[in-house]
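Colleague: Positions 14 to 362 (our numbering) are the ones given, in order, by the sequence shown.
Every residue, glycine too, gets a C-beta built ideally from N, C-alpha and C.
Before I ask anything, let me first share the structure, which is written out below as structure tokens.
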Amino acid sequence: MRRFAGIIAITIFFSSVYFAISYYGNTLNKFLTINVEEIAIVYFLLLTYFILDFNKYTKCVKSIPMAVAMYFIFKIVLLILSNFEPVLFVVFKNIEFDLLLLLLALAVARIELPEGIKAYYQVFLTSIALILAGFFGYQLISKIPFDKANELGFAFLAFLVILAITTLSNLSTNEFAVWLGKSRAFLLSFTVLLSGYYIFIRPLILERTGLVNFFEWTAIVLAFIKLSSGFKSSLKIDETEYIKMHRQRLSYTRDELFERISNAKREFVENGVKSLLIATMSRFLFDLGWSEDKVAKALTLIVRYEDEKYPALPFKWEVKRIDQRNRRRREKVLKEFIEYLKTEGVRIG
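As structure tokens, then:
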């Protein structure tokens with residue numbers, strides 16, 4: 014339904030634009046420069062985008078026509094603005110090829126390969142595309158007539174290279190890779206702040222050597238502390254959650270009880286909700302006459318379990334992969350929990 018709505022919306026919009034140009038073109042051309050052919054190209058590219066979204070095998074490349082459409086939209090807007098500021102036309106002509114390459118590289122980075130293709134192909138595709146986007150962005154920004162253009166271009170390149178490196182962490186589940194993925198938000202934020210400092214603040218205080226040294230050494234120390242503490246925390250289990258249990262005798266029929274346990278297990282595996290499983294199993298085990306210490310020991314696996322968190326600026330395929338990994342981990346934890354109960358003579362399925 015959303016796709017049909019999008020097709021109808023762009024058809025109505027571009028039909029209205031074509032109607033306005035056809036009937037009021039002479040008047041509009043006195044103020045604006047509008048190319049009908051380029052507007053038609055934008056329409057067909059956007060139409061292609063929505064059509065590709067209909068099929069699961071073609072939707073992964075729908076970002077490509079959208080990138081080309083964005084290039085023509087930028088071109089049309091800048092050419093219109095150049096009627097009021099002619100220098101914009103000169104700037105655009107200087108950067109238009111880099112702009113197209115940048116948009117295409119970003120589009121490739123957004124491609125989500127179909128299921129069944131080995132995961133490392135997706136990781137490498139996204140990472141390489143991000144690095145290329147950073148390079149083309151650097152080329153583009155450095156050509157803009159601005160005294161800090163080269164530095165801003167390099168900062169853009171550094172940002173996307175770090176994003177690419179942290180994306181490569183999906184290739185492994187070892188401690189360093191997990192730490193690298195979790196550090197994405199800090200590394201990107203630090204890159205932005207450091208770039209802002211070197212481009213805009215440092216030149217203003219360069220003559221004050223003491224102040225410069227203070228800022229830079231402070232940044233180095235804080236970065237080291239943050240990264241080292243983050244690496245240590247990735248090696249240990251988060252035990253911030255505690256059970257608050259109340260011994261209660263509840264009258265459930267056998268079928269009702271096992272239906273509650275089944276629902277709690279399903280909520281845990283599918284949605285990561287462990288509170289319901291903890292509460293239900295606590296009541297069940299207390300009804301069997303277990304002590305608080307014994308119940309707490311049995312539920313340790315569930316209490317300590319934590320889902321893997323999404324990194325900053327996650328790609329769709331990263332979210333799906335993390336969701337899949339979390340589901341497998343929850344299934345494994347639940348299986349171990351059930352096996353432990355069996356060793357204690359309790360069977361829950």
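#1: Compare the C-alpha of LEU59 against each of ILE23, GLY147 and PHE228 and name the closest.
#2: What's the C-alpha gap between TYR84 and PHE189?
#3: Is it the case that the Cβ atoms of LEU200 and GLY150 are separated by a distance below 8 Å?
#4: Within the same chain, show all residues whose beta-carbon is closer than 7 Å to that of GLY19, passing over the 5 residues directly before and after it, in chain order.
#5: In angstroms with no decimal places, state the Cα-to-Cα distance between GLU98 and ASP111.
#6: Is the distance from the Cβ of ILE361 to the Cβ of ILE291 below 8 Å?
#7: Measure the C-alpha to C-alpha separation of THR293 and ARG215 and round it to an integer number of angstroms.
#8: So is LYS161 buried or exposed if we call it buried at 16+ other beta carbons inside 10 Å?
#9: Would you give the residue range spanned by the alpha helix (DSSP H) that THR139 belongs to?
#10: So, with DSSP's three-state summary, where would you put SER304?
#11: Could you tell me the distance, in whole angstroms, from the CA atom of PHE32 to the CA atom of LYS329?
#12: Got a sec, what are the start and stop residues for the alpha helix (DSSP H) GLU188 sits in?
#13: Quick one: any contact between the segment 332 to 340 and the segment 305 to 324, if contact means 3 or more CB pairs under 8 Å?
#14: By how many angstroms is the C-alpha of TRP230 removed from the C-alpha of VAL222?
#15: To the nearest angstrom, how far is it from the Cα of SER202 to the Cα of PHE148?
#16: So does the segment 87 to 98 actually touch the segment 122 to 131, counting three or more Cβ pairs closer than 8 Å?
#17: Tell me whether SER95 sits in a helix, a strand or coil according to DSSP, three-state version.
#18: Start and end of the alpha helix (DSSP H) containing TYR62?
#19: As a quick exercise: from THR180, GLU109 and ARG343, pick the residue whose alpha carbon is nearest that of SER196.
#20: If we ignore side chains and look at the alpha-carbon of each, how far apart do LEU312 and THR186 end up?
#21: Does the Cβ of PHE57 have 16 or more other Cβ atoms within 10 Å, making it buried, or fewer, making it exposed?
#22: CA-CA distance, VAL103 and ASN163?
#23: Residue range of the alpha helix (DSSP H) that LYS106 falls in?
#24: Report the residue from ASN48, LYS75 and ILE52 whose alpha carbon sits nearest the alpha carbon of PHE26.
#25: Using the beta-carbon count (16 or more within 10 Å), is VAL100 buried or exposed?
#26: Taking only three categories from DSSP, how would you classify PHE27?
#27: What is the rounded straight-line gap between the Cα of ARG262 and the Cα of VAL346?
Modeller: In terms of the structure at hand:
#1: ILE23
#2: 39 Å
#3: no
#4: PHE63
#5: 21 Å
#6: no
#7: 59 Å
#8: exposed
#9: 132 to 155
#10: coil
#11: 39 Å
#12: 188 to 195
#13: yes
#14: For clarity, residue 222 is Thr in the given sequence; the question names Val instead. Those two C-alpha atoms are separated by around 12 Å.
#15: 20 Å
#16: no
#17: coil
#18: 49 to 65
#19: THR180
#20: 26 Å
#21: exposed
#22: 18 Å
#23: 100 to 122
#24: ILE52
#25: exposed
#26: helix
#27: The predicted position of ARG262 is uncertain, since its pLDDT is 41 and thus under 50; a value taken from the coordinates is nonetheless stated next. Cα to Cα, the separation comes out at about 27 Å.
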